[in-house]
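Number of protein chains: 2
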Amino acid sequence: MFAGLDEVVQFLDVFKFNDSHIEYLKKQMPQAEPEFFEWLRGIDSKSLTVHGIPDGTIVFGKQPLLSIEGPIAIVQLIETPVLNLLNFATLVCTNASRMNIKSGEKVKCIEFGLRRAQGPNGALTATKYSFMGGFVGTSNVYAGMLYDIPISGTIAHSFIMSFDDETNIDSHCHIKGTNVLTRAKEFREELKWTNTNDSELCSFVSFACSYPDKFLALIDTFGTIKSGCKNFLCVSLVLSELGYQSIGIRLDSGNLAILSQEVRNLFIETGKKYDHDYSKLTIVASDGINEDKIRQLNADDHQIDIFGIGTNLVTCEAQPALGMVYKLVEIEGKPKIKISEEKEKVLLPGRKKVFRVYENETPSFDIMLHEDEEDLISANELTAYHPFDDGVTVTVKSPTRIDKLTQKLYENGQVSFKTKTIHEKRTEVLEQIEVFDHAVVKSDEKTYEVYLSKK
Amino acid sequence: MFAGLDEVVQFLDVFKFNDSHIEYLKKQMPQAEPEFFEWLRGIDSKSLTVHGIPDGTIVFGKQPLLSIEGPIAIVQLIETPVLNLLNFATLVCTNASRMNIKSGEKVKCIEFGLRRAQGPNGALTATKYSFMGGFVGTSNVYAGMLYDIPISGTIAHSFIMSFDDETNIDSHCHIKGTNVLTRAKEFREELKWTNTNDSELCSFVSFACSYPDKFLALIDTFGTIKSGCKNFLCVSLVLSELGYQSIGIRLDSGNLAILSQEVRNLFIETGKKYDHDYSKLTIVASDGINEDKIRQLNADDHQIDIFGIGTNLVTCEAQPALGMVYKLVEIEGKPKIKISEEKEKVLLPGRKKVFRVYENETPSFDIMLHEDEEDLISANELTAYHPFDDGVTVTVKSPTRIDKLTQKLYENGQVSFKTKTIHEKRTEVLEQIEVFDHAVVKSDEKTYEVYLSKK
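Top to bottom, those sequences are chains A and R.
To convert, take the position in the first sequence, counting from 1, and add 1163; that gives our numbering.
To convert, take the position in the second sequence, counting from 1, and add 1163; that gives our numbering.
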């Protein structure tokens, strides 16, 4: 899922060496001629033209995502920042999209990764692009403010632990005249759940009294089923009496599949006893969730409604780096190649544009054509060649639809495509996943091929 | 290797909610009372006292790195930023330190990770803390400028590929009246290396003419031994005639151990033929280097002088996240505990200070004492208890040296310890590694224990 183009555009807009940069470089390169630094002072991105694939598009290996034309020295100077800005954004957006797809239609994913990201800015990038990849919200409040992304979170363990048996919460545990703690203890008595932790109950009551319509409790501090879930239900029964509906609970340790089933059953049973429908209370689960765990949880028929995913989302633990590269493919009209003993590492020479060929409204394969070959796509028959397997070709007759993915993105220091908000891109990402071949994006069963023209 | 304290101090110094933050939060929490937002507007870090271990210290699991005291709501609000700022800094500093130790005394490590970090700021953090961990430089020029870290790099493949056989470099390939290209071709003829790539030779000559005393060539574009290394030597022979000494070459693909040996042999042989000592020319190697590869390269008796490490340094691929946590351990003088079914996950309650006990000037173990137990360390006999293995104790009689690691770091909005530059910290890191038990830090053979007092 290609992402990060906004960041590249922002970088190009401000790309300029200032006096302090030049001074530093002069000290580092005493042998360089003064004219070099004068040249450096004068350059900016106005001499560059960028073609590429708009972000939010599903892309594949070997495709030129951006193609940057201009004086070679300037094109070369921006290599590393461009790679830096695209690599992580694309990686984390793809990772989020994969996790979201694997979670299935009924389960939502929220990003919880701030504490494990590479600093505050790494975290902001992770939040922004995991939202674009299909996550529904973040626990990063500042990111929520900057990008207008829904924020969400639950109580911390330390909030619960800050209470104890003797904490006097009497003065602030009333709703509409009812002492919520006393009433919750009455339900506990009635339900014969006398072994739940008292300080935990106090903390839940205190939270519920502040946010009676937003009560979501973290239940694993003193035992998920034997204390947390039961205390949550006692407080929820009081809230129900008073006309409020609790939101639900968060699991943060243990066997999440089994615990979520036990919690769901206890919700249903307890609700029934008092004539409330507690079957739809939300179960949030966190604790090292990644793609493998999601797969296992699905197989174990979990009862979770929301995954809170942090570490494995932002560090992309399954593949911590995306190996996007920036290569010279053409100079003064001449195609350029870099040889390697590994076929797959040989650079595909020449300026290429990417087209997506559809069959029955489903993407069938992509083809890269040289700049001067665009008319091939309007011919009656299109033959596509595998880039590495000699002799492997595909021929399509009168394809119903071919999308040109490569667009002009930046020219003369100006953006030359319709920019979109992160919300619009997110919608497009989700729509594309539905249109795309199910076997490719939802199950990894099938490889999607990227072909070349004969030339 | 504890790192990131500078970032935490900088954060504490500016911790304050401004009007736009308050406005955003009001919209997000319409049910909260106006007094809450007034309170929020008034808070800052002045009410916090931070004790902890200065950064640049070797630390171990279960130790309280920072201990933050103050009103619980404020202490709680800063949890996530503090973890964010410490986790990655400590992880990458530790990772760099491990790689540097594994590389051995003769080999230096340079950070090449900008393109794979989590954005520009993630990259800056990686550069700063890998330098502190013992790296000698970076390819990130901006980080070099900000932190006064030596910058270093080599030619890019695209520089080499931008030349071709017909590129006319005659007008700028002279040094002291000598046509370097012509003379290099004469050496090539003499050495019967006629199959080297001409455009590569042109690119090397062009670079050497601009930087005759900084000639370091990337040699794997058209074949490392058959072309790159030979072209490098032809140009170096011209430079030697003219009174310049080349720096060396960079390997970026293939079997780095074998290639470095072949290159070293070709250096020595060729130097001998012309009476130059080429045995000390620098061999830089990059290409997915990590701890495992370093171990393998050492076993294969490589001839590399400098490792350029990018991806696996900044993404900390061997362990992409550090699981530092922030827990409530004491409230109003009462110790607090969080129970878990896994013994190792049980929180150690109470405010603890860390002491390092030496035997024969080598750290032997660490012990955590409660605040009010400091006099234990001046007693004749100190008994230390294992935190999880009941009955495991160590008793030391009159230890020669006990260092108190925990210091007061921040109070009343002010730093209360002697801050150091990144260069000073780097020196301390390297010195500590020498003083520390060899079996612990250099070979992973031995576990270093962290004990508790009986209390």
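We treat Cβ as the ideally placed atom computed from N, Cα and C, and that holds for glycine.
| Check | Outcome |
| --- | --- |
| Please check if any C-beta of chain R sits within less than 8 angstroms of the C-beta of A:P1483. | yes |
| Can you find a CB in chain A that lies within less than 8 angstroms of the CB of R:Q1281? | yes |
| Where does R:Y1197 land, buried or exposed, given buried means 16+ other C-beta within 10 angstroms? | The sequence shown places Pro at residue 1197 of chain R, rather than the Tyr named in the question. The residue is exposed, with fewer than 16 neighbouring Cβ atoms inside 10 Å. |
| Assuming the contact rule is C-beta atoms closer than 8 angstroms, R:I1452 and R:S1442 should be a hit. Round their C-beta distance to whole Å, please. | Not confirmed; about 24 angstroms, so no contact. |
| Nearest by alpha-carbon distance to R:N1543: which of R:V1555, R:L1511, R:P1562, R:V1177 is it? | R:P1562 |
| Is the separation between the beta-carbon of R:L1168 and that of A:S1321 shorter than 8 angstroms? | no |
| Along the region 1316 to 1344 of chain A, where does the CB come closer than 8 angstroms to a CB of chain R? Name the residues. | A1319, H1320, S1321, F1322, M1324, S1325, D1327 |
| Give a yes or no on whether the C-beta atoms belonging to A:L1572 and A:F1580 are separated by under 8 angstroms. | yes |
| How long is the line joining the alpha carbons of R:S1449 and R:E1536, rounded to whole angstroms? | 51 angstroms |
| For A:V1171, which of A:N1247, A:G1386, A:T1558 has the nearest alpha-carbon? | A:N1247 |
| Find the residues of chain R that neighbour A:K1506, judging by a C-beta separation of less than 7 angstroms, and give them in chain order. | Within 7 angstroms Cβ-Cβ: nothing; A:K1506 doesn't reach chain R, min ~14 angstroms. |
| Quick check on A:T1359: buried or exposed, where buried means 16 or more other Cβ atoms within 10 Å of its Cβ? | buried |
| By the 9 angstroms beta-carbon criterion, what residues does the region 1285 to 1303 of chain R contribute toward chain A? | G1285, A1286, L1287, T1288, A1289, S1302, N1303 |
| Output yes if chain R places a C-beta closer than 8 angstroms to the C-beta of A:N1418; else output no. | no |
| Starting from the Cα of A:S1363, find the closest Cα among A:K1560, A:K1377, A:V1398 and give me that residue. | Per the sequence shown, residue 1363 of chain A should be read as Glu rather than Ser. Cα-wise, what sits closest to A:E1363 is A:V1398. |
| Could you give the residue range of the alpha helix (DSSP H) that holds A:Q1424? | 1419 to 1436 |
| For the region 1257 to 1268 of chain R, which residues have a CB atom closer than 7 angstroms to at least one CB atom of chain A, in sequence order? | none |
| How is A:F1518 classed by DSSP in three states: helix, strand or coil? | strand |
| Enumerate in chain order the residues of its own chain whose CB-to-CB distance from A:R1351 is below 6 angstroms, with the five nearest sequence positions on each side excluded. | C1397 |
| Helix, strand or coil: how does DSSP classify R:F1165 here? | coil |
| In three-state terms, what does DSSP make of R:S1527? | strand |
| Since I believe A:E1268 is in contact with A:A1289 (beta carbons under 8 angstroms), could you give me their beta-carbon distance rounded to a whole number of angstroms? | 24 angstroms between Cβ atoms; not a contact. |
| Could you tell me if R:E1608 is buried or exposed, where buried requires 16 or more neighbouring beta carbons within 10 angstroms of its beta carbon? | exposed |
| Mind pulling the chain A residues with CB within less than 7 angstroms of R:N1247? | L1277, R1278, A1280, G1282, P1283, A1286 |
| When you compare only the Cα positions, how much space is there between A:Y1437 and A:V1304? | 37 angstroms |
| Under a three-way DSSP split, which group does A:K1560 fall into? | strand |
| Go through its chain and collect everything with a Cβ distance to R:K1225's Cβ below 7 angstroms, but skip five positions before and after it. | L1511, P1550, V1613 |
| Rounded to whole angstroms, what is the Cα-Cα separation between R:V1517 and R:N1575? | 23 angstroms |
| For a quick check, are the C-beta atoms of A:S1416 and A:L1532 less than 8 angstroms apart? | no |
| With a threshold of 6 angstroms on Cβ separation, who are the neighbours of A:D1218 within its own chain once the five nearest residues in sequence on each side are excluded? | F1165, A1166, L1168 |
| Out of R:S1369, R:S1373, R:R1413, which one is the CA nearest neighbour of R:L1381? | R:R1413 |
| Using a Cβ-Cβ distance cut-off of 8 angstroms, determine whether A:T1558 contacts chain R. | no |
| Which chain A residues are close to R:L1619, counting only those with a beta carbon under 7 angstroms from its beta carbon? | What the structure shows of chain R is the stretch from 1164 to 1618, and residue 1619 of chain R is not part of that stretch, so it cannot be assessed. |
| Rounded to the nearest angstrom, how far is the Cβ of R:G1297 from that of R:V1592, given a contact under 8 angstroms? | 6 angstroms |
| Just verifying my parser: in three-state terms, what is the DSSP assignment at R:G1215? | strand |
| If we call anything under 8 angstroms between Cβ atoms a contact, is A:K1190 one with A:F1200? | no |
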